[in-house]
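Below is one structure; the comments refer to it alone.
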Amino acid sequence: MKIPPYLKKGDTVAIVCTARKFFPEDAKPAIELLESWGLKVKLGKTIGLDSCQLGGTDQERAADFQEQLDNDNIKAIWCARGGYGTVRIIDLIDFSKFKKNPKWIMGFSDVTVLHSHIHTLGVATIHSIMPFTVPKAPEHVKQTFHDAIFGNKLVYQVPSKSIDIKGKASGEIVGGNLSILYSLLGSPSSINTKNKILFIEDLDEYLYHIDRMMYNLKRNGYFNEVKGIIVGSMTDMHDNEIPFGQNEVAIITAIAKEYHIPIAFEFPAGHQKDNRSLVLGKQVDFEVNEKEILLNFK
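The following block contains the structure:
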């Protein structure tokens with residue numbers, strides 16, 4: 002797995018739209034944050050474009066991302082926000098130069114399309130807050146983003162819960178938004194989870210949808226040789242008038258039970274304010290014990 006060069010003061014970060022639209026005035030908090038760390042910011046041509054829900058047409062979004070990807074002066078690309086739309090452009094992007102000289106791609110939610118596709122190319126990415134979420138992000142969350150992009154040590158220790166499945170594992174951490182991972186199955190962007198730690202999170206889904214997605218991942222061999230599962234925030238889950246009968250914890254526990262692997266629930270990453278950065282593709286030590294969940298990035 003290639004680890005892109007970590008950022009240093011004076012480097013330039015590009016902010017682009019790969020999915021939903023985002024406007025220059027909304028980018029100010031993110032610009033101020035990066036500049037406070039000694040970084041420079043370039044707003045892509047898609048910032049300010051309005052194509053219904055999207056930040057420009059597919060061609061405009063792909064061209065902007067490609068421009069920043071191929072620009073040697075741009076050391077990282079920060080996706081402005083999620084929603085939907087990244088999958089519409091992934092096959093329009095040429096990653097040939099990027100594979101030789103990788104740079105950090107950062108964001109979460111719909112950006113899981115990029116995380117997954119780039120993981121198949123053998124390059125690490127950063128699952129992190131986005132410009133859209135900067136205004137509501139707590140200071141400690143911003144600090145984890147700072148530490149991730151500058152290459153500082155990342156170690157997370159959070160209290161464990163009775164619902165967690167105890168155990169230890171080591172491997173590359175991969176994953177992202179469950180709905181996106183599910184949607185990529187069977188495509189060139191679908192990740193290989195063998196000997197890896199799988200991170201999943203989601204937002205605004207019906208419980209039976211979670212069950213269906215987890216079963217589809219299982220039938221596609223996602224869990225056969227996975228070393229552990231980290232479940233981030235499963236925010237705003239819904240049930241039908243006739244209850245499904247299991248919540249998200251029970252669904253995941255039941256499906257993963259036969260694999261006898263450690264599982265951590267409610268990890269502070271995903272669609273919530275406490276969205277700590279994860280360097281996807283990096284080796285981690287993962288432990289769930291009676292007192293805490295430990296995630297140590299090597």
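Take the sequence shown: its position 293, counted from the start at 1, is 294 in our numbering, and no numbers get skipped.
Ideal Cβ positions, reconstructed from N, Cα and C, are used throughout, including at glycine.
Review point. So the beta strand (DSSP E) proline 269 belongs to, where does it begin and stop?
Key: Start at 1 with the first residue of the sequence shown, and residue 269 comes out as number 268. Element bounds for proline 269: n/a, residue is neither H nor E.
Original post:
In the structure shown, what three-state DSSP assignment does histidine 116 receive?
Top reply: Here the question's residue 116 lines up with position 115 in the sequence shown. Correct three-state label for histidine 116: helix.
Backbone CA spacing between leucine 155 and histidine 239 [nearest angstrom]:
Walking along the sequence shown from the start, residue 155 turns up at place 154. Walking along the sequence shown from the start, residue 239 turns up at place 238. Their backbone Cα atoms lie some 33 Å apart in a straight line.
Run through the stretch 128–207 for me and flag every whole beta strand (DSSP E) of 3 or more residues, listed as ranges in chain order. 156–160, 168–178 and 197–204
- Exposed unless 16 or more other CB atoms sit within 10 angstroms - verdict on threonine 194: One-based indexing of the sequence shown puts residue 194 at position 193. By the 10 Å Cβ count, threonine 194 comes out buried.
- prompt: At what residues does the alpha helix (DSSP H) containing phenylalanine 66 begin and finish?
  reply: The count along the sequence shown starts at 1 and reaches residue 66 at position 65. Per DSSP, phenylalanine 66 belongs to the alpha helix (DSSP H) from 59–71.
Between the beta-carbon of valine 250 and the beta-carbon of phenylalanine 266, is there less than 8 Å? Translated into positions along the sequence shown, residue 250 becomes position 249. Translated into positions along the sequence shown, residue 266 becomes position 265. Contact flag set, yes.
Exercise. Whole angstroms is fine: what's the gap from glutamate 293's alpha carbon to lysine 46's?
Key: What you label residue 293 is simply residue 292 of the sequence shown in a count that begins at 1. What you label residue 46 is simply residue 45 of the sequence shown in a count that begins at 1. Straight-line Cα distance between these residues: approximately 45 Å.
**Item:** As assigned by DSSP and simplified to three states, the class of lysine 43
**Value:** Counted from its first residue, the sequence shown places residue 43 at position 42. Lysine 43: strand per DSSP, three-state reduction.
Requested in this report: Mind the definition here: the stretch 140–160 touches the stretch 219–235 only if three or more C-beta pairs lie below 8 Å; say whether that holds.
Outcome: They do not touch, by the three-pair rule.
Rounding to the nearest angstrom, what Cα-Cα distance links alanine 77 and glutamate 36 in this structure? Residue mapping note: residue 77 aligns to position 76 of the sequence shown, counting from 1. Residue mapping note: residue 36 aligns to position 35 of the sequence shown, counting from 1. Taking the Cα positions, alanine 77 is about 14 Å away from glutamate 36.
Handout entry: Cβ neighbour criterion (16 or more within 10 Å) applied to alanine 257
Key = For the purposes of this step, residue 257 is taken as the residue at position 256 of the sequence shown. Buried.
- Task: Name, in chain order, the residues that DSSP records as bridge partners for glutamate 288.
- Result: Reading the sequence shown from its first residue, position 287 is the one you call residue 288. Paired residues: Lys169 and Leu295.
Give the range of the alpha helix (DSSP H) segment to which serine 234 is assigned.
Here residue 234 corresponds to residue number 233 of the sequence shown, with the count starting at 1. Serine 234 -> not in any alpha helix (DSSP H); beta strand (DSSP E) instead, spanning 229–236.
query: Roughly how many angstroms lie between the CA atoms of isoleucine 305 and asparagine 221, to the nearest whole one?
result: Outside the displayed span of the chain (2 to 299) sits residue 305, for which this structure offers no information.
* To do: Assign tyrosine 183 to buried or exposed, taking buried as 16 or more other Cβ atoms, counted over all protein chains shown, within 10 Å of its Cβ.
  => To locate residue 183, count along the sequence shown from 1; it is residue 182. By the neighbour-count rule (16 or more Cβ atoms within 10 Å), tyrosine 183 is buried.
Name, in chain order, the residues that DSSP records as bridge partners for glycine 108. In the sequence shown, residue 108 corresponds to position 107, counting from 1. Glycine 108 pairs with His128.
Helix, strand or coil: which one does DSSP assign to threonine 254? Stepping through the sequence shown from its first residue, residue 254 is reached at position 253. Reduced to three states, the DSSP call for threonine 254 is helix.
Taking the Cβ atom as the reference point for each residue, do lysine 142 and aspartate 275 lie within a distance shorter than 8 Å?
To locate residue 142, count along the sequence shown from 1; it is residue 141. To locate residue 275, count along the sequence shown from 1; it is residue 274. A quick correction: the sequence has valine, not lysine, at residue 142. Cβ atoms of valine 142 and aspartate 275: closer than 8 Å.
field: Rounded straight-line distance, which links the Cα of tyrosine 207 to that of asparagine 241
entry: By 1-based counting over the sequence shown, the position of residue 241 is 240. By 1-based counting over the sequence shown, the position of residue 207 is 206. Rounded to whole angstroms, asparagine 241 to tyrosine 207 spans 8 Å at the Cα level.
Which stretch, first to last residue, makes up the alpha helix (DSSP H) that contains isoleucine 32?
Within the sequence shown, numbered from 1, the residue matching residue 32 stands at position 31. Residues 29–37.
(Q) What residue range does the beta strand (DSSP E) around lysine 76 cover? (A) For the purposes of this step, residue 76 is identified with residue 75 of the sequence shown, where counting begins at 1. For lysine 76, the enclosing beta strand (DSSP E) covers residues 75–80.
Measure the alpha-carbon distance for asparagine 102 versus aspartate 71 and round it to whole angstroms.
The count along the sequence shown starts at 1 and reaches residue 102 at position 101. The count along the sequence shown starts at 1 and reaches residue 71 at position 70. Roughly 9 Å between the two C-alpha positions.
Hey, out of Val114, Glu291, Lys98 and Asp205, whose CA is closest to glycine 168's CA?
Here residue 168 is taken as the residue at index 167 of the sequence shown, counted from 1. Measuring from the Cα of glycine 168, the nearest candidate turns out to be Glu291.
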